[in-house]
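Enquirer:
2 protein chains.
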Amino acid sequence: MLNYQTSLDLMFQALADPSRRGMVERLSRGPASVSELARPLAMSLPAVVQHLQVLEASGLVRTEKVGRVRTCRIEPGGLQLAERWINERRTTWERRLDCLGDYLAETAPTTSKDPETGETP
Amino acid sequence: MLNYQTSLDLMFQALADPSRRGMVERLSRGPASVSELARPLAMSLPAVVQHLQVLEASGLVRTEKVGRVRTCRIEPGGLQLAERWINERRTTWERRLDCLGDYLAETAPTTSKDPETGETP
DNA sequence: CTGATAGTTAAGCATTTACTTTAGTATCAT
DNA sequence: ATGATACTAAAGTAAATGCTTAACTATCAG
Chain R
0 MLNYQTSLDL MFQALADPSR RGMVERLSRG PASVSELARP LAMSLPAVVQ HLQVLEASGL
60 VRTEKVGRVR TCRIEPGGLQ LAERWINERR TTWERRLDCL GDYLAETAPT TSKDPETGET
120 P
Chain A
0 MLNYQTSLDL MFQALADPSR RGMVERLSRG PASVSELARP LAMSLPAVVQ HLQVLEASGL
60 VRTEKVGRVR TCRIEPGGLQ LAERWINERR TTWERRLDCL GDYLAETAPT TSKDPETGET
120 P
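From first to last, the protein sequence lines stand for chains R and A. Take the first sequence: its letter number 2 is residue 1 in numbering that gives the first Met the number 0, and every next letter is one higher. Take the second sequence: its letter number 27 is residue 26 in numbering that gives the first Met the number 0, and every next letter is one higher.
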């Protein structure tokens, strides 16, 4: 089991490549084989498989081989980790802005002008 | 102006490093100078500045130099792009699951579970 | 069995990344 | 003016990344 930081590293790293994001987009519309994933991409099959390994390691995609075809699907809830991190940043930042708003409203309730220059920035 | 794909590349790439995420976390609690950002990190100051350049290029952070100190702050709405992409994937995937649920319910309404006993045969 | 399909393994290579050190340049306090 | 502070610029490096090609292994259809 990987720790939180490493999981986020792998997840964001996996999403940082347009081909890999393309694969995730394709897979969120339904499962696909490796060759199906490869078809729209301008690269060799081994390259696609390597991208796929990155996606699997990140927990975004799960694959399963039956016969000679490997079927790839979205790992449900795989994106949750990234989503959570982003939401935490947003709320921390928004809460801070609220406090700042309170502070400004309290300190200078009437001044929308710079008292030095008399200008509105 | 950068296109959508490149912006996502830069954003996710920027978030894929724990030091940079640490800086973003610090900055979402309020502005900081370069040295303040560097303090908790086990690396040289130039390294921190390089990370900062990645964050600026990604649109997550804005910096401004006054006198000899460069003040760094979160770029409001910088995370929106990543957030939007993730949400789009989630909804696409969830909608698909709904359809699949409909399909299963229609095709085999009685075979997955006995609604009386709750048992799976 | 034979050939085609689907994927795998391994090795190599150019580029990018994440640092480092060393040597600066402004700015500020005294 | 002098020294300390806060960066900045440049160059070098080890490791990671994103590919490639070539050769190989299963599986399936006829």
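Ideal placement from N, C-alpha and C gives every residue a C-beta, glycine not left out.
Whose Cβ in chain A lies nearer than 9 Å to the Cβ of A31 (chain R)?
Expert: Going along chain A, no residue has its Cβ under 9 Å from A31 (chain R), so there is no contact; the nearest lies around 13 Å.
Enquirer: First and last residue of the beta strand (DSSP E) that includes E63 (chain A)?
Expert: Its beta strand (DSSP E) spans residues V60 to V65.
Enquirer: When you compare only the Cα positions, how much space is there between T70 (chain A) and T5 (chain R)?
Expert: Distance between the alpha carbons of T70 (chain A) and T5 (chain R) is about 29 Å.
Enquirer: So with CB distances below 8 Å, who are the chain A contacts of Q52 (chain R)?
Expert: The premise fails here: Q52 (chain R) is roughly 16 Å from chain A at the closest Cβ pair, so nothing lies under 8 Å.
Enquirer: Per DSSP, which residues does V68 (chain A) bridge with? Please list them.
Expert: Beta-bridge pairing links V68 (chain A) to A:V65.
Enquirer: Output needed for H50 (chain R): all residues of its chain with C-beta closer than 6 Å, excluding positions within five of it in sequence on either side, in chain order.
Expert: The residues are S18 and R19.
Enquirer: Using only the heavy atoms of the ligand FMN, determine whether one of them is closer than 6 Å to the beta carbon of R20 (chain R).
Expert: Annotation note on the ligand FMN: not contained in the displayed structure, which lists no ligands.
Enquirer: Counting only C-beta atoms, is L40 (chain A) closer than 7 Å to chain R at any point?
Expert: Closer than 7 Å: no.
Enquirer: Pick helix, strand or coil for S121 (chain A), following the three-state DSSP scheme.
Expert: The structure shown does not extend to residue 121 (chain A), since chain A spans only 0 to 120, so no value can be given for it.
Enquirer: Excluding five sequence neighbours on each side, which residues of the same chain lie with their C-beta closer than 6 Å to the C-beta of I73 (chain A)?
Expert: Once the five neighbours on either side are set aside, the close Cβ partners of I73 (chain A) are L26 and S27.
Enquirer: For T91 (chain R), which residues in chain A fall below 8 Å Cβ to Cβ?
Expert: Near T91 (chain R) (Cβ distances below 8 Å), the residues of chain A are E24, S27 and R28.
Enquirer: Tell me whether T62 (chain R) is buried or exposed, calling it buried when 16 or more other Cβ atoms sit within 10 Å of its Cβ.
Expert: That one is buried.
Enquirer: Give the single residue among A:G77, A:W84, A:R94 and A:R95 whose Cα lies nearest to the Cα of G21 (chain R).
Expert: Of the listed residues, the one whose Cα sits closest to G21 (chain R) is A:W84.
Enquirer: Apply the 10 Å Cβ neighbour rule to G66 (chain A) and answer buried if 16 or more other Cβ atoms are within range, or exposed otherwise.
Expert: Looking at its Cβ environment, which holds fewer than 16 other Cβ atoms inside 10 Å, G66 (chain A) is exposed.
Enquirer: Would you say E121 (chain A) lies against chain R (beta-carbon separation less than 7 Å)?
Expert: As shown, chain A starts at 0 and ends at 120. That puts residue 121 (chain A) outside it, with no answer to give.
Enquirer: Distance cutoff 7 Å, beta carbons only. Does R14 (chain A) sit that close to anything in chain R?
Expert: Here the sequence assigns Leu to residue 14 (chain A), which means Arg is not the residue at that position. Yes, L14 (chain A) counts as interfacial toward chain R.
Enquirer: Measure the beta-carbon distance from F11 (chain A) to A81 (chain A) and round it to whole angstroms, keeping in mind my assumption that it falls under 8 Å.
Expert: Their Cβ separation, rounded to whole angstroms, is 7 Å, which keeps F11 (chain A) and A81 (chain A) in contact under 8 Å.
Enquirer: Counting only beta-carbon atoms, is Q49 (chain A) nearer than 7 Å to chain R?
Expert: So, not an interface residue.
Enquirer: Which residue's Cα is closest to the Cα of L9 (chain R): R:G76, R:E87, R:R95 and R:V53?
Expert: Nearest of R:G76, R:E87, R:R95 and R:V53 to L9 (chain R), Cα basis: R:V53.
Enquirer: Straight-line CA distance for V48 (chain R) to M0 (chain R)?
Expert: Going from the Cα of V48 (chain R) to the Cα of M0 (chain R) covers about 23 Å.
Enquirer: Can you find a CB in chain A that lies within less than 7 Å of the CB of L78 (chain R)?
Expert: So, interface residue.
Enquirer: Quick check: the Cα distance between E24 (chain R) and L78 (chain R), rounded to an integer number of angstroms?
Expert: Spanning the two alpha carbons is a distance of roughly 12 Å.
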